[in-house]
Amino acid sequence: MKNTVKSITYIGGKSFLKWITLITIGFVITALFFIVALYMNIGRSGGGHGSIYGLFIGLLIGNIPGLVIIFGAPIFFGIYIAFANKITIQNAIHLFWENNAGEVLLKKVRTLTSKIVDTKDWKTFVKDKKLFQKTLLQENNNTDTPKLQKKIINYILKKVRLEDVDFKDPKLKISEVIADKFGNLITENIKPSLKPFWIVMLVQFLLFVLSLKYA
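In structure tokens, the structure reads:
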């Protein structure tokens with residue numbers, strides 16, 4: 010039990026460090042490119058109250074890459090945040106299984122499923138599997154499970170496919186079926202790749218270089 014708690018604490022700490030590192034890199038790169046590109050192209054603004062509009066038009070006419078770097082900065086940062094969130098969750102899943110802590114997640118999934126199956130509304134789910142999956146996600150959000158574990162469970166539950174499960178089978182142990190599918194998705198999960206993150210950064214860098222050329 011102590012080892013499991015240590016593993017979960019370790020995973021939480023490492024995942025947060027990964028997330029904050031990626032967010033920081035994305036923010037610094039975006040801010041740096043924004044400031045330099047703005048400085049190099051500020052002459053296009055024309056000054057006055059319409060300076061922002063003037064800058065936009067000036068860049069639109071003479072420096073499209075600069076336009077994307079400057080006015081697209083919030084979008085780039087938003088993309089970095091989205092990738093950081095996804096990579097962090099994938100990395101946490103990998104660490105849970107690598108540190109033999111996956112059973113903690115499986116146990117929570119079994120408990121969630123059993124709780125729903127025991128309700129009077131179970132017959133409704135027999136006809137609507139998507140509603141069952143949606144209810145699982147809602148039930149998970151209502152638990153006192155640590156935030157990172159909630160996110161991991163939600164991330165994997167969304168990927169669980171129920172098309173091949175016969176809810177009308179009287180011998181069906183739905184909690185075990187969901188847990189098995191959940192476990193398979195964890196074991197199949199490959200160590201997350203940072204490639205998409207670096208591709209976005211490369212695109213941003215190339216646009217930045219081009220923006221300097223046309224400044």
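Residue numbers (our numbering): 10 to 224. Where a beta carbon is used, it is the ideal one built from N, C-alpha and C, also for glycine. These numbers were taken from a predicted model, which means no experiment stands behind them.
Around the beta carbon of Phe25, a 10 Å sphere encloses fewer than 16 other beta carbons of the protein chains shown; the residue is thus reported as exposed. Taking the Cα of Ile90 as reference, the smallest distance to any Cα among Met210, Lys222, Gln158 is reached at Met210. Inter-residue distance for Ser54 and Gly35 is about 27 Å (C-alpha atoms, whole angstroms).
Per DSSP, reduced to three states, the secondary structure at Val45 is helical. Between Phe85 and Thr30, the C-beta spacing is not below 8 Å. Three or more Cβ pairs closer than 8 Å define a contact, and the region 213-223 falls short of that threshold against the region 109-124. Excluding sequence positions up to five before and after Phe43, its CB lies within less than 7 Å of the CB of Ile78, Ile79, Ala82, all in the same chain and listed in chain order.
Distances from the alpha-carbon of Leu121 to those of Asp153, Lys15, Thr133, Ala101 put Asp153 closest.
Less than 8 Å divides the Cβ of Ile161 from the Cβ of Ala101.
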